[in-house]
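Novice:
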Amino acid sequence: MLIVWTSFIFVVFPKLDLAVARLFVQGHWFWLAENPFLKAVRDVSRQSQPYILVVMALIIAMHVFLPKRLRFCAPHKPLFVLLSFAAGPFAVVQFLKVMIGRVRPRDIVEFGGNADFTPVWQFSAACSRNCSFPSGEAAVAAAALSLLVFLPEKYRWGASVVVTPCLMFVAFNRVIFGAHFLSDVMLGWLLTVFVMAWIWRWVDVNSRTIDRFFARLASR
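Residue numbers for the sequence shown follow numbering that gives the first Met the number 0, so the first one is 0 and each next one is one higher.
1. Measuring straight from C-alpha to C-alpha, what distance separates Met61 and Val91?
2. Mind checking Gly100: buried by the 16 CB within 10 Å criterion, or exposed?
3. Give me the Cβ distance between Ile209 and His75, rounded to the nearest whole Å; I'm assuming they're in contact under 8 Å.
4. Where does Val102 sit, in a helix, a strand or coil, going by DSSP?
5. For Trp188, count neighbouring Cβ atoms within 10 angstroms of its own Cβ and tell me buried if that reaches 16, exposed if not.
6. What is the residue span of the alpha helix (DSSP H) that Arg173 lies within?
7. When you compare only the Cα positions, how much space is there between Met98 and Leu186?
8. Can the beta-carbon of Val63 be found closer than 8 Å to that of Phe213?
9. Could you check the C-alpha separation between Ala28 and Leu57 for me, to the nearest Å?
10. Could you work out which residue in Gly157, Pro77 and Leu181 is closest to Glu136 when comparing CA atoms only?
11. Taking just the CA atoms, how far does Ser131 sit from Val148?
12. Quick check: the Cα distance between Lys38 and Arg207, rounded to an integer number of angstroms?
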């Protein structure tokens with residue numbers, strides 16, 4: 000429902016995206032785009048993603064080839080992380096980027112570019128690749144929540160209260176840079192969380208089956 004209501008608000012009030020973007024514009028320049036701290040936040044976010052995926056893949060591989068070393072970590076947990084990144088940021092988000100074709104804020108006429116502004120969910124031919132909607136980096140930030148699965152269940156809620164605002168800031172950073180509209184970020188986040196919830200529902204129900212599958216692979 001959050002996805003529906005968020006979409007409804009930005010469809011009914013499309014200028015809300017422009018109003019938020021203008022908060023970070025002086026003339027036609029997103030004045031915080033060169034801020035060293037914000038650039039560092041962006042760079043850490045981008046550079047950490049491949050490391051996360053490689054580590055998850057290595058954990059799964061070790062369950063197959065060195066199972067006795069990782070008895071403390073069930074294989075369904077890294078699998079959940081990999082599926083969260085694959086289905087959210089890579090599959091759903093990239094598909095919608097190509098389908099919708101929304102131009103980034105810094106490229107529209109209002110902020111010094113040449114393209115026209117289009118509301119969220121409106122199809123456009125103005126962008127053919129690396130488009131604005133939804134935000135891939137917001138989706139990656141949301142997918143990073145899947146790492147909480149490695150914590151004992153009783154600590155996950157408390158950790159999420161601390162980690163979620165930090166990851167939301169990473170996502171909102173793209174609005175500050177003029178790389179995304181607020182709706183791009185919010186819906187990129189919500190779509191990924193929705194996909195993750197469905198994946199976890201399947202993984203949790205089938206966790207023992209998944210773990211036994213990798214155990215059988217290791218015994219061959």
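Yeah, the Cβ is synthetic: ideal placement off N, Cα and C, and Gly gets one too. From a predicted model like this one, the values you see are computed outputs, not experimental measurements.
Specialist: According to the data block:
1. Position 62 of the sequence shown holds residue 61. Position 92 of the sequence shown holds residue 91. Cα to Cα, the separation comes out at about 29 Å.
2. For the purposes of this step, residue 100 is taken as residue 101 along the sequence shown, with counting starting at 1. Gly100 should be labelled buried.
3. Locating residue 209 in the sequence shown gives position 210, counting from the first residue. Locating residue 75 in the sequence shown gives position 76, counting from the first residue. Right, their Cβ atoms sit about 4 Å apart.
4. Along the sequence shown, one-based indexing puts residue 102 at 103. Correct three-state label for Val102: coil.
5. Start at 1 with the first residue of the sequence shown, and residue 188 comes out as number 189. Burial call: buried.
6. Walking along the sequence shown from the start, residue 173 turns up at place 174. Per DSSP, Arg173 belongs to the alpha helix (DSSP H) from Glu152 to Ile175.
7. Taking the sequence shown and counting its residues from 1, the one referred to as residue 98 is at position 99. Taking the sequence shown and counting its residues from 1, the one referred to as residue 186 is at position 187. Rounded to the nearest angstrom, the two C-alpha atoms are 15 Å apart.
8. To locate residue 63, count along the sequence shown from 1; it is residue 64. To locate residue 213, count along the sequence shown from 1; it is residue 214. Contact: yes.
9. Translated into positions along the sequence shown, residue 28 becomes position 29. Translated into positions along the sequence shown, residue 57 becomes position 58. First, the amino acid is wrong: residue 28 is Trp here, not Ala. Their backbone Cα atoms lie some 43 Å apart in a straight line.
10. Translated into the one-based positions of the sequence shown, residue 136 becomes position 137. Selected option, being the one with the closest Cα: Leu181.
11. For the purposes of this step, residue 148 is taken as the residue at position 149 of the sequence shown. For the purposes of this step, residue 131 is taken as the residue at position 132 of the sequence shown. Roughly 30 Å between the two C-alpha positions.
12. On the sequence shown, residue 38 is found 39 positions in, with the first residue counted as 1. On the sequence shown, residue 207 is found 208 positions in, with the first residue counted as 1. One C-alpha to the other measures close to 42 Å.
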